[in-house]
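Comments concern the structure below.
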Amino acid sequence: MTVIFFGDSLFDIGNLTTLATPFGVELYPAPFYNDGKASNGQVLSEAIAARIGVDVESLIPYSSPTSPLNPLEENIVYAIAGATTGVFGSVGLNLQDFSIGLASQIQIFLENLPSNNTNAETIEVFITAGSNDILEILANPNFANIFITPENDDNEALINNTVNNIVNNISQGIYSIENQTGDIFVVGVSPLGDIPFALQIDQQIDNNIPLDLAGQTSQLLNTIAQQVNQELINIFDNPLNDIANVTIIDGFEVFTNAVNNRQNDLESPLITQISYQNYLTGNTDLAENLTVEDFFFLDGSHPTSIANDYLADEIISQISESKLDTPIYHFQNRNIEGAYLYVAEEERQSVLANYPNFVEEGLAFNVADESDDELVPIYRFQNQNLQGAYLYVGEEERQNILENHSNFVEEGIAFYVYGVNSNQADSIYRFQNQNTPGAYLYVGETERQDILANYGNFREEGIAFEAFI
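Residue numbers for the sequence shown follow the UniProt record's numbering, beginning at 1 and rising by one.
Have a look at this one:
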């Protein structure tokens, strides 16, 4: 597998610095920024790479190749800071004359692909784009007028035009590569109205116009971001028009959970509305002796290196959940004490209609119904000595059963899950009923604790697999 990153400064590992420095543009100078990146350490692409088993040192900025690039063999970052979703860079960053946008990045990627791309499914793609399109709204000197004349519905027109432009550009990019790659993960736009830069602009507009406009700029930016995310979900996660290898990740949920988790790990309050850069100027009421780790944002719009860890954790969590989207229901067999059956929706309906001795007890966990490089199959066996008692096992235990336990008859693959110790989902534990040997129960952590405390007839046999409760 190789991994490809498209997008903006959240993913850029130095492309803009390489491309723009000869033109006198240097957005991320040392020593405040690290190695020409919009971070004091790692950017988000590097944090994601580390979590999917990719050596961060293997990431290649497309602008500095040591040999002709091959996306089938190399992990390449095409993302460029300041990129819009179109062809060019952001007006707000004076990059409108540079062909660095998402569309341009994808075109270069397609040119780098070998003509005999027979292993497309081995290329995993991450995209983050749209933030610069939204923020460059603020570069328009007449932007604040939409609040002065609300009767003209200028704000609605601005929202609709911006959303449509971003969604169309990202959609076209996805359509152009969907058959040339494997999984495509689009990280949705975060609540841009809540970043320090937007909050400062909001305050400036409120101070300069004799109207109560506090919060309206931030609200507008968040509305646009939310609508972009929802439109992408409507297009690519629509059951009637689902593109199997495209996953839209909720940028608002990623941001909110990352902030909350970072706060939970800090002994002092996490600062999100003021950047570390602004704090260093001394123009804040914050306490002295704070460090960069007390802040979520390094500057007005970019997360700190440690914040990128938390954002990456949430992105990977959403990806894991998106793969395990098939609910499994558990039934208890009234005829056999402690015997359980675990089935998906279609078989569930058959059991409900035809097997009254099986009593449904609700949703057990969520799994995948299709294979994936990161997932493992779980096989179902029925105990012939206890008709209606089932055992669910992975490949290694399956082989042992086939060779040594002829009373268990294999019934095929039941579902796909994450393997033991993958740390991608919730641990599912297996218990055997000592009153009825050969009858098994599979539970998550909460029910496990209840069984250990109150049901001595069930013997724990360890973690069976990982799925989502």
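All residues carry an ideal CB built from backbone N, CA and C; glycine is no exception.
Per DSSP, what kind of secondary structure is S9 in: helix, strand or coil? Along the sequence shown, read from residue 1 onward, the residue named residue 9 stands at position 9. When secondary structure is reduced to three states using DSSP, S9 falls in the coil class, being assigned neither helix nor strand.
Of the listed residues E253, Q263, L19, nearest to G89 (C-alpha basis): Taking the sequence shown and counting its residues from 1, one reaches residue 89 at position 89. Each of E253, Q263, L19 was checked against the Cα of G89, and the nearest Cα belongs to L19.
Between the alpha carbons of R334 and E253, how many angstroms are there, rounded? Here residue 334 corresponds to residue number 334 of the sequence shown, with the count starting at 1. Here residue 253 corresponds to residue number 253 of the sequence shown, with the count starting at 1. Annotation: R334 to E253 spans about 42 Å, alpha carbon to alpha carbon.
Start and end residues, beta strand (DSSP E) containing G412: In the sequence shown, counting from the first residue as 1, residue 412 sits at position 412. Counting along the chain, the beta strand (DSSP E) containing G412 begins and ends at 408–417.
Entirely enclosed beta strand (DSSP E) segments - the UniProt domain "DUF5648" (388–467), minimum 3 residues: DSSP runs (the beta strand (DSSP E)) wholly in the UniProt domain "DUF5648" (388–467): 390–393, 408–417, 426–433, 440–443, 458–467.
Alpha-carbon to alpha-carbon, L324 and P239: Translated into positions along the sequence shown, residue 239 becomes position 239. Translated into positions along the sequence shown, residue 324 becomes position 324. So the two alpha carbons sit approximately 16 Å from each other.
Could you check whether the region 443–460 touches the region 339–352, counting it as contact only if at least three pairs of C-beta atoms, one from each stretch, sit closer than 8 Å? A contact is defined here as three or more CB-CB pairs under 8 Å, and the region 443–460 fails this definition with respect to the region 339–352.
Buried versus exposed, by CB contacts within 10 Å (16 or more), A30: What you label residue 30 is simply residue 30 of the sequence shown in a count that begins at 1. That one is exposed.
Where in the region 214–240 do unbroken runs of the alpha helix (DSSP H), each at least 4 residues long, occur, reported from the N-terminal end onward? Runs found: 216–236.
Once DSSP output is grouped into helix, strand and coil, what is the label at N260? Numbered from 1 along the sequence shown, position 260 holds the residue referred to as residue 260. Correct three-state label for N260: helix.
Count the C-beta pairs between the region 178–188 and the region 136–147 that are closer than 8 Å, then say yes if the count reaches three, no if not. Short answer: they don't touch.
Where do the N-terminal and C-terminal ends of the beta strand (DSSP E) with residue 476 fall, by residue? One cannot answer for residue 476 here, as it falls past the ends of the chain, which runs 1 to 469.
Let's test the definition: count the other Cβ atoms within 10 Å of the Cβ of S104 and tell me whether it reaches 16, buried, or not, exposed. For the purposes of this step, residue 104 is taken as residue 104 along the sequence shown, with counting starting at 1. Label assigned to S104: buried.
Meets three-Cβ-pair contact criterion under 8 Å: the region 2–10 and the region 67–82: Of all C-beta pairs linking the region 2–10 to the region 67–82, three or more are shorter than 8 Å, placing the two stretches in contact.
Straight-line CA distance for G456 to A464? Residue mapping note: residue 456 aligns to position 456 of the sequence shown, counting from 1. Residue mapping note: residue 464 aligns to position 464 of the sequence shown, counting from 1. Spanning the two alpha carbons is a distance of roughly 20 Å.
Buried or exposed for A214, please, with buried defined as at least 16 other CB atoms from any protein chain shown within 10 angstroms of its CB. Stepping through the sequence shown from its first residue, residue 214 is reached at position 214. A214 counts as exposed, since fewer than 16 other C-beta atoms from the protein chains shown sit within 10 angstroms of its C-beta.
Assigned exposure category for N132 - 16 Cβ within 10 Å defines buried: Indexing the sequence shown from 1 puts residue 132 at position 132. By the neighbour-count rule (16 or more Cβ atoms within 10 Å), N132 is buried.
Residue of Y440, N404, E466 minimising C-alpha distance to V417: To locate residue 417, count along the sequence shown from 1; it is residue 417. It is E466 whose Cα lies nearest to the Cα of V417.
What does DSSP give as the partner residues of F185 in its beta bridges? Taking the first residue of the sequence shown as 1, we reach residue 185 at position 185. F185 pairs with F126, T247.
In angstroms, rounded to a whole number, what distance separates the CA positions of V259 and L232? Residue mapping note: residue 259 aligns to position 259 of the sequence shown, counting from 1. Residue mapping note: residue 232 aligns to position 232 of the sequence shown, counting from 1. Rounded to the nearest angstrom, the gap between the Cα atoms of V259 and L232 is 24 Å.
Pop quiz: residue 489 and E111 are said to be a contact at Cβ under 8 Å. What is the actual Cβ separation, rounded to whole angstroms? With the chain represented from 1 up to 469, any question about residue 489 goes unanswered, as that position is not in the structure.
If the criterion is Cβ atoms closer than 9 Å, does the pair I148 and T85 meet it? Residue mapping note: residue 148 aligns to position 148 of the sequence shown, counting from 1. Residue mapping note: residue 85 aligns to position 85 of the sequence shown, counting from 1. Result no, Cβ atoms of I148 and T85 do not sit closer than 9 Å.
Within the chosen definition, does the region 44–60 reach the region 305–312 through at least 3 CB pairs nearer than 8 Å? Yes, the region 44–60 touches the region 305–312.
Helix, strand or coil, according to DSSP, for G173 in the structure here? The residue you call residue 173 lines up with position 173 of the sequence shown. DSSP places G173 in helix when its eight states are reduced to three.
Close-in-space but distant-in-sequence residues of the same chain around N407 (CB under 7 Å, 5 per side omitted): For the purposes of this step, residue 407 is taken as the residue at position 407 of the sequence shown. Within the same chain, N383, Q384, N385 come within 7 Å of N407 by CB-CB distance, once the 5 residues on both sides are set aside.
If you compare alpha carbons, which of I401, A389, I248, A414 is closest to V376? Taking the sequence shown and counting its residues from 1, the one referred to as residue 376 is at position 376. Considering only alpha carbons, the answer is A414.
Give the single residue among L402, G462, A439 whose Cα lies nearest to the Cα of I428. Position 428 of the sequence shown holds residue 428. Answer by Cα proximity: G462.
Just curious, the alpha helix (DSSP H) that F147 is in, first and last residue? Residue 147 sits at position 147 when you count from the first residue of the sequence shown. 145–148 is the span of the alpha helix (DSSP H), which, as asked, contains F147.
Confirm, please, whether the CB-CB distance from L69 to I13 is below 9 Å. Here residue 13 refers to the residue found at position 13 when the sequence shown is read from its first residue. Here residue 69 refers to the residue found at position 69 when the sequence shown is read from its first residue. Going by C-beta atoms, I13 is not nearer than 9 Å to L69.
Is there contact between the region 155–171 and the region 216–232, where contact requires at least three CB pairs shorter than 8 Å? Contact between the region 155–171 and the region 216–232 is present, with at least three C-beta pairs closer than 8 Å.
Counting pairs of beta carbons, one from the region 327–341 and one from the region 269–276, are three or more of them closer than 8 Å? The region 327–341, when compared against the region 269–276, does not touch it at the 8 Å Cβ threshold.
The region 386–401 touching the region 426–441, judged by at least three CB pairs closer than 8 Å: Yes, the region 386–401 is in contact with the region 426–441.
Mind reading off the beta-carbon distance from F297 to S275? Whole number of angstroms is fine, and I expect it under 8 Å. Counting from one through the sequence shown, the residue named residue 297 turns up at place 297. Counting from one through the sequence shown, the residue named residue 275 turns up at place 275. About 4 Å separates the two Cβ atoms, so the contact holds.
Cα-Cα, which of N116, I166, Y392, N40 is closest to A129? Here residue 129 corresponds to residue number 129 of the sequence shown, with the count starting at 1. Of N116, I166, Y392, N40, the residue nearest in Cα terms is I166.
Test item: CB-CB of L441 and Y340 under 9 Å: In the sequence shown, residue 441 corresponds to position 441, counting from 1. In the sequence shown, residue 340 corresponds to position 340, counting from 1. In contact: L441 and Y340 (Cβ atoms closer than 9 Å).
Quick one: what's N333 bridged to in DSSP? Here residue 333 refers to the residue found at position 333 when the sequence shown is read from its first residue. Beta-bridge annotation (DSSP): N333 is paired with F358.
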